[in-house]
Amino acid sequence: MASASVIDVGRPVARPRSLFSRLRGGLQGTEYAWAIAFCIPYVGVFIAFVIFPVFYGLWLGHSPSLYIELFHDPIYQQTIVNTILYLAIGVNVKMFFALLLSGFFMRKGWWVKGLLMVYVLPWAVPALPTFISIHWMLNTQWGLVNNVLWDMFGIDGPGWLDTSRWLALGSVITTYIWKNMPFWTVILLAGRMAIPQELYEAAEVDGATGIRRFIHVSFPLLANLYLVCTLLSTIFTLGDFNTANFISGGGPALSTHVLATLGIRDAFEIARPQLGVAAVLSSLPLMIPLVVILMHKLRTSDVQL
Amino acid sequence: MTQITRRTVLRNSLAVAAVGSLARPFIANAAAKTATVWWTQGFVPEEDAAFKKVVEDYQKQSGNIIDYSLIPFAPLMQKIVSAITSSDVPDLISHDINDAVLVPQNAWDDKIVDATDVIEAQKDKLHPTILLGTQYYNNVSKKRGTYLIPFKTACVPLHIWSSLVEKAGFKVADAPKTWDAFWDFFKPMQPKLRETIRNVYAMGLQCTTTGPADGNNMFNQFLIANGGNSIITKDGKPHLDDPTVKEAVIKSLSYISKAYKDGYIPSGALSWNDADDNNAFHSKLFIADFDGTISTEVAIKDQAERDDVTTMGLTNGNDGKPMPAQLGIGGAFIPKGAKNIDVAKDFMKFLIQPTVINDYLKNGLGRWIPPYPDVVKNDSWWFADPHRKPYTTEALVDPTVPGYPVFNPGWAEVNAQQVWGAAEASIIRDGTEPKAAAEAAFKKIEAILAKYPIVQS
Amino acid sequence: MSATTIQTRRPPNYRRRKWAVEAAALLLGVVIAIWTLAPIYNMVMVALESHNDVFSTNIFPADPSAYSFWIVFTEGYWYLEYFWHQYENSLYIGFWTVFLTLWVGSMVSYSIGRMRIRHGWLLTNAALLTYLVPAAFLAIPFYRMMQTYGLGNNVWSIIAVEVTFATPYAIFIFQQYGRSIPLELDEAARIDGASPIQVYFKIYLPLMAPALVAVGTYALLLAWNEYLYQFLLLSNKRSMTVPVALAQFLNSDESPWNYMMATAIVYAIPPVVIYYMFRGRMTAGLTMGGVKG
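Residue numbers (numbering that gives the first Met the number 0), protein chains in the order written: chain A, 0 to 304; chain B, 0 to 456; chain C, 0 to 292.
See the structure below:
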């Protein structure tokens, strides 16, 4: 982003610039007015719909006693663990497979192209219908998964969402991966396709094929994109309410809540909005560094998203 | 045009005066005012139609306008919480679980308008349990007041699939008359039914931590059956140290968790929400359960299938003596900060008149019962249907107690935190001993109730 | 391989390994297909089943019938009473979310990226702050806000929410994509006497078309996937949207899963159709130039 402003028309070289004209970035007169005008809608949206709720939210959750109460609550402690697992496993497994599959989808062949079209369905189909469908699939008595296990293998499938925290959490994470992997696969695929073919050919000449080609050519070039995607995905996932809510509902026995769902539960089921907001704000120590790093990365490197 | 004579004018003006004086109790003032009202959407369309009719009647009579929103159960809860938090409230709020969840805390915080004058005219007709159930404690004025305007009531009956009982070779009439023995009755039926049906369980006890009501209702009844009803008395003081209460809690937790561990309860019960157990019942996943209102029966469209369900009132407690049922009180409240308190009060005064409310609830297929025993006893409709009869009897004839949140608002949070469900879960999943789980539950309850010191009962 | 490239030495069993790799790839493809389609199949299967069949252990519908779809189309069920109106609401929200996100986002990107307003980066970073406290957390503040702005129970409250959350991402995509369009084009137009707004309409927007499509689709899917805010801010049957109505089924006393799945499928059709229509443009919009480390 380092190129000099090209709209610097009419700026004499030696004259010291006043503060005002420095702020304007060298835009003159009506041009400047236009530039401001173009920004106003978003600034308006931002102030009205971001600044106010964020500050109101911070105000709702400012009392330290809320946090003390939270930290002593075993449900909250479980929720923190769940959220961390959700992020660590969910995001990383998803991105890893997205990376691998992006390589897979580079293959030639009509059936690969057809498969790609099918593969992105989870992203195109809205969340609610699919989550409800998956929730029903996992029903112990009547769900498709256990029906298949029984009809085809004679196995009495376990209660996926019923008793075990880990099975339920695993189901939530698997659903999350199912829903979000296609999106990131496409992004990484786009990134791969942007790698010039000559590099691959040169590598092949040097004898690098398959895995070695991946390690020495593709991955270094994708690394930055991969990192940015992971950061962005982590931020999105931290706020993910739908998946946990519709797949496990926080069950069994409140053991698979994540911060987003716990916040809503505390706010509305326990009818203590401040506690709910506090639960959610407690993720800020993780959020802020992520956002800062992301902002930094996006400014200093040319990563195409 | 008929001839206008002095006589007709006199006659007509007399008529107008008569109507005016009769109608005066319900006309707040001549100018038409509007009140915003949030009302729970019914579980069946008839309930909503009945409400609309009441509103129309009121509007005609009073000239006021009721700007109502019929909002489904769960979103309504969210809306109410948000509204009260942001102090931007409607004039009248009715939610099916106002009595257990919304009124206790908000009355404590002095966020509700006292409605003693609203129920004054009907006070004597109210069932004593219900009248008791309207008196919530206000921590600012340090005394109890009428913060809930009751207009309907419900209780929790037993529901049994007769065909499953018979298929297993038993008869419903043989069911024992004491609580634990009643539930044990279904246990031997399970292996017999499993010979032909793959997915069937003896009982659908809701040992869940997802609310809002089923898990608590179920546990509380076990508690009462085991003699623990004095866990909190009507002055709001908890009696957690009472050995009878402790014993009752441990016994209840043991029975429920053992039934689950022995496989008599569907495994999903740990996570059931208020709809899941009904769905499980409809799919005949289990033989018997204990669930609020007769909505499960009412929802069955097919007459033959509906006849297959036996609705029963409570058995006796484990000591052989009759035990009280918990009474849910459906009511409305007027939040402080409402802009049209008079109209709201006026509308409620209209609604809770015995004839009006009786018609309203009957049109709503009788899921809820009027709070006036005499009205109900004089109307055979409430005892006509084989499902409705035990339900109404349990609610208004047999002994009842109001819910614990009336006595102490902290209990609303105890309910919301699903303390008992969590205890059951820890016994079932973590292998905690019932005694230890009971201790943990008591600790939690003590911590919550400590936030609500009631000075004067 | 053309004759001018250097022949690489082929390892022995080259053909066989190639077939093995191809077979493995095919197997992987099948796994991916099953993985992807299972929940979708479940939706379709349940939608075609009768009520009793839903509560059975069949893998294929015993007696498939389109009855559930008929119920949905004719609004023949209590919770589906206003289905088409709610569908309209969803479409309305989708459309305006897309339009406003594209409009607001492109204008800001233009100002920051093309006109190079000084300290424009402040605005892009501030935009990113929107994601700092994610959507699920601001439920109550938003509710309060919408009441204050007089938008209670109004679909515009949802549109406002969606636009707020879609625009930062839009700004980034536009920024990145805009880098591949040379600034000289703008300059040339300016020198020819075009005003900024003309440059915006005649040069910027047309060249940004793939990015616009990509972001538009993203915004549409965001609005279509949204549940929490619609649930909280729209409580009236007439103002509700389909996801809220769908979730209501879950709270009802009986759950007609077949109707639910039929409703879900009907709801899912528009975004899927739109996605497939614009797939090509979308990929182009997401790729441009090289990836530099």
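Positions of the beta carbon are idealized from the N, C-alpha and C atoms, including for glycine.
- Contact between the segment 250 to 259 of chain A and the segment 153 to 172 of chain A is present: 3 or more CB-CB pairs across the two stretches fall below 8 Å.
- For the segment 70 to 87 of chain B, the set of residues with a beta-carbon nearer than 9 Å to any beta-carbon of chain C comprises Ile70, Pro71, Phe72, Ala73, Pro74, Leu75, Gln77, Lys78, Val80, Ser81, Ala82, Thr84, Ser85, Ser86 and Asp87, in chain order.
- Not a single CB atom of chain B sits nearer than 9 Å to the CB of C/Gln197.
- Under the DSSP assignment, B/Gln416 falls outside any beta strand (DSSP E); it carries neither an H nor an E label.
- Contact annotation: C/Tyr226 and C/Ala246 have beta-carbon atoms nearer than 9 Å.
- With a beta-carbon spacing of about 4 Å, A/Trp183 and A/Ala97 fall inside the 8 Å limit used to define contacts.
- Within chain C, the residues whose beta carbon sits less than 8 Å from that of B/Ser282 are Phe54, listed in sequence order.
- When 8 Å is used as the limit between beta carbons, C/Thr240 is near no residue of chain A, the shortest such separation being about 10 Å.
- Against C/Asn235, the close residues of chain B are Ser68, Leu69 and Ile70, in the order they occur along the chain (beta-carbon pairs closer than 9 Å).
- If you look at B/Val400, you'll find it in the beta strand (DSSP E) that goes Thr399 to Pro401.
- An exposed status is given to B/Asp234, since fewer than 16 other beta-carbon atoms sit within 10 Å of its beta-carbon.
- In chain order, Thr152, Ala153, Cys154, Ala324, Leu326 and Ile368 place their CB closer than 8 Å to the CB of B/Ala394, counting only its own chain and leaving out the 5 sequence neighbours on each side.
- Taking CB atoms only, A/Arg271 has no neighbour in chain C less than 9 Å away.
- When C-alpha distances from B/Asn105 are compared across B/Thr133, B/Leu131 and B/Tyr146, the shortest belongs to B/Tyr146.
- B/Pro370 is positioned such that its CB atom lies no closer than 9 Å to that of B/Ile427.
- In this structure, C/Tyr109 sits near C/Gly177, with a CB-CB distance shorter than 9 Å.
- Where B/Ile230 is concerned, there is no enclosing alpha helix (DSSP H), because DSSP gives it neither an H nor an E.
- Look at B/Lys186 here: in three-state DSSP terms it is coil, with no helix or strand label.
- Taking the C-beta atoms as reference points, C/Glu21 is found no nearer than 9 Å to C/Asn257.
- In the DSSP secondary-structure assignment, B/Cys154 is bridged to B/Leu326.
- Identification of chain A residues near C/Ser110 by a Cβ-Cβ cut-off of 7 Å yields Ala34, Phe37 and Cys38, ordered along the chain.
- Using beta-carbon distances, C/Gln146 counts as an interface residue toward chain B, with a partner under 9 Å.
- Fully contained in the segment 41 to 86 of chain B are the following beta strand (DSSP E) runs of length 3 or more, in chain order: 64 to 70.
- For the segment 89 to 118 of chain A, the residues whose beta carbon sits under 8 Å from a beta carbon of chain C are, in order, Leu100, Phe103, Arg106, Trp110, Val111, Leu114, Met116, Val117 and Tyr118.
- What A/Phe51 touches in chain C, judged by beta-carbon distance under 8 Å, is Pro140 and Met144, going in chain order.
- Contact residues of the segment 47 to 78 of chain C toward chain B are Phe54, Thr56 and Trp77 (C-beta to C-beta distance below 8 Å).
- Residue pairing by DSSP leaves A/Val92 without any beta bridge partner.
- In the structure shown, B/Ser93 falls within a strand segment according to DSSP collapsed to helix, strand and coil.
- Across the set A/Gly262, A/Ile234 and A/Gly248, the C-alpha of A/Ile234 shows the shortest separation from the C-alpha of A/Pro288.
- Non-local beta-carbon contacts of A/Ala266 in its own chain, meaning distances under 6 Å to residues more than five positions away in sequence, involve Pro272 and Gly275 in chain order.
- C/Asn152 and A/Ile50 have their C-alpha atoms some 22 Å from each other.
- In the three-state DSSP reduction, B/Gln352 falls in the coil class, being neither helix nor strand.
- The residues Ser425, in chain order, have a CB closer than 6 Å to that of B/Thr431 in the same chain once the five nearest residues on each side in sequence are set aside.
- Contact annotation: in the segment 307 to 334 of chain B, no residue has its CB less than 7 Å from a CB in chain C.
- For B/Ala287, the secondary structure class from DSSP, reduced to helix, strand or coil, is strand.
- The three-state reading of DSSP puts A/Ile79 in helix, counting H, G and I together.
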